[in-house]
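Numbered by mature numbering (1 follows the signal peptide of the UniProt record, and there is no 0), the letters in the sequence shown go through residues -22 to -1, 1 to 154 in order.
Okay, structure first, notes after.
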Amino acid sequence: MANTAIEAVILTIIFFITIVVSDDNAQIPPQRSQVDDWFRTNIDAYTARKGTLDPALAEAEAGTKVVKVRADGTGDFKTTLPKGNKNRVIVSIGGGNYTEKIRLVRDKPFVTFYGAPNDMPRLVYNGTAAQYGTVDSATLIVESDYFSAVNVIFANSAPRPDGKRQGAQALALHFG
Ligand SMILES: *[C@@H]1O[C@H](CO)[C@@H](O)[C@H](O)[C@H]1NC(C)=O
Ligand SMILES: *[C@@H]1O[C@H](CO)[C@@H](O)[C@H](O)[C@H]1NC(C)=O
């Protein structure tokens, strides 16, 4: 088996066109078959919630922009994300593996990573606590507000900790 320590798949829990707000007290069910029901019960259409949103978020959703990143190197995460953007930036990510460590800094809010359900991109890196510290070992570190992801796999490919190696623990995704 590949020695992938952690792999997190974010499925279509967040539907980028109509959503944005959910009931934070109702946990997302672990069973995939129940996610649609949970979604219908807990997330109102964007149009219904618009007036209750952070005005900065409502403004961001009103003028979305799509940028593309492809595994062949067409576009990349660093140059496609503008600093201090005020509109949602949907990063359309083609299928394949992206071996990269990415940090979304605070002044890059309103970002959505969006992959195709039948060809999900996989963002992978092998950071470990020994090298970066536990928190910063993550493949994707999100410091900015209003991030979302749809159909993207976040992975950390460092070897699974064996209880002997120091600092072998590793994260795939970190919000903070
Ligand atoms: C990405 O890497 C994984 C794990 O090594 C592998 O199973 C998969 O086939 C790769 N995907 C592509 C599109 O190369
Ligand atoms: C991560 O990958 C690099 C390049 O393949 C390798 O040199 C390094 O030993 C790996 N680190 C860990 C912790 O697996």
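Each residue gets a CB set at the ideal place from its N, CA and C atoms; glycine is no exception.
Note down the Cα distance separating residue i from residue j, rounded to an integer number of angstroms.
{"i": "Asp14", "j": "Thr52", "result": "34 Å"}
{"i": "Ile119", "j": "Pro95", "result": "23 Å"}
{"i": "Gly141", "j": "Ala108", "result": "13 Å"}
{"i": "Asp32", "j": "Glu39", "result": "11 Å"}
{"i": "Ala136", "j": "Gly111", "result": "14 Å"}
{"i": "Arg81", "j": "Gly93", "result": "18 Å"}
{"i": "Gln147", "j": "Phe132", "result": "16 Å"}
{"i": "Ala26", "j": "Trp16", "result": "17 Å"}
{"i": "Asp85", "j": "Ser126", "result": "15 Å"}
{"i": "Arg10", "j": "Arg138", "result": "26 Å"}
{"i": "Phe91", "j": "Val130", "result": "7 Å"}
{"i": "Lys56", "j": "Lys79", "result": "11 Å"}
{"i": "Pro60", "j": "Pro8", "result": "34 Å"}
{"i": "Ile(-13)", "j": "Leu35", "result": "Reliability of the predicted coordinates at Ile(-13) is poor, the pLDDT of 48 falling under 50, and the value obtained from them is presented with this limitation in mind. If you take the alpha carbons of Ile(-13) and Leu35, they lie about 22 Å apart."}
{"i": "Leu151", "j": "Val128", "result": "14 Å"}
In its own chain, which residues sit with a C-beta less than 7 Å from the C-beta of residue i, not counting the 5 before and 5 after it?
{"i": "Val83", "result": "Glu121, Ser122"}
{"i": "Gln144", "result": "Ala108"}
{"i": "Lys46", "result": "Thr52, Gly53, Ser70"}
{"i": "Thr77", "result": "Val102, Tyr103"}
{"i": "Glu37", "result": "Lys64"}
{"i": "Val89", "result": "Leu59, Val67, Val69, Leu82, Ser122, Phe125"}
Near residue i, which residues of its chain fall below 8 Å by C-beta distance, leaving aside the five closest residues on each side in sequence?
{"i": "Gly154", "result": "Val113, Ile119, Val120, Glu121"}
{"i": "Leu149", "result": "Ile(-17), Gly105, Thr112, Val113, Ser115, Ala116, Thr117, Asn134"}
{"i": "Arg18", "result": "none"}
Residue j and residue i - do their beta-carbons sit closer together than 7 Å?
{"i": "Arg48", "j": "Asn75", "result": "no"}
{"i": "Lys43", "j": "Val67", "result": "yes"}
{"i": "Asn63", "j": "Gly41", "result": "no"}
{"i": "Asp50", "j": "Gly73", "result": "no"}
Is any heavy atom in ligand 2 found nearer than 6 Å to the beta carbon of residue i?
{"i": "Asn134", "result": "no"}
{"i": "Thr106", "result": "yes"}
Can you list, in chain order, the residues of its chain with a C-beta nearer than 6 Å to that of residue i? Leave out the 5 residues immediately preceding and following it.
{"i": "Pro87", "result": "Ser122, Asp123, Tyr124"}
Check whether the Cβ of residue i lies closer than 6 Å to any heavy atom of ligand 1, and answer yes or no.
{"i": "Asn96", "result": "no"}
{"i": "Gly74", "result": "yes"}
Is residue i close to chain D, meaning its C-beta is less than 7 Å from at least one C-beta of that chain?
{"i": "Val47", "result": "The question asks about chain D, but that chain is absent: this structure has only one protein chain."}
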